[in-house]
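**Q** Residues in the sequence shown are numbered consecutively from 816, following the working numbering.
Beta carbons: idealized from backbone N, C-alpha and C, even for Gly.
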Amino acid sequence: IHKLLHVLNQLVDKGNTVLIIEHNLDVIKSVDWVIDLGPEGGDKGGYIVAAGTPQEVAKNKKSYTGQYLSKMLKK
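1. Distance check for L834 and G853, CA to CA, integer angstroms please.
2. Using the beta-carbon count (16 or more within 10 Å), is V827 buried or exposed?
3. Quick check on V822: buried or exposed, where buried means 16 or more other Cβ atoms within 10 Å of its Cβ?
4. What is the residue span of the beta strand (DSSP E) that K833 lies within?
5. Quick one, are the C-beta atoms of Y883 and L819 less than 8 Å apart?
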């Protein structure tokens with residue numbers, strides 16, 4: 816994951832916009848902006864539950880991603 820993040824950051828440093836779809840919290844906590852879709856999967860999902868920096872999403876109680884991200888950011 817560290818190698819992937821290094822390469823992605825190099826792209827950003829060169830002025831590129833990088834869009835990724837990811838479930839790994841180590842990656843999510845490292846991004847500039849998160850858009851969390853849910854609240855569930857399939858027919859019960861597809862809505863924006865939270866959007867913002869990882870720290871902002873971590874404060875959103877309606878976001879499952881935010882709940883787990885909050886624990887990860889405290890480490």
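**A** Quick look at the numbers:
1. Cα atoms of G853 and L834: separation of roughly 18 Å, rounded to the nearest angstrom.
2. By the Cβ-count criterion, V827 is exposed, with fewer than 16 other Cβ atoms from all chains shown falling within 10 Å of its own Cβ.
3. With fewer than 16 other Cβ atoms within 10 Å, it is exposed.
4. Lys is not the amino acid found at residue 833; the sequence shown has Val there. Annotation: V833 is outside any beta strand (DSSP E) and is labelled neither H nor E by DSSP.
5. Result no, Cβ atoms of Y883 and L819 do not sit closer than 8 Å.
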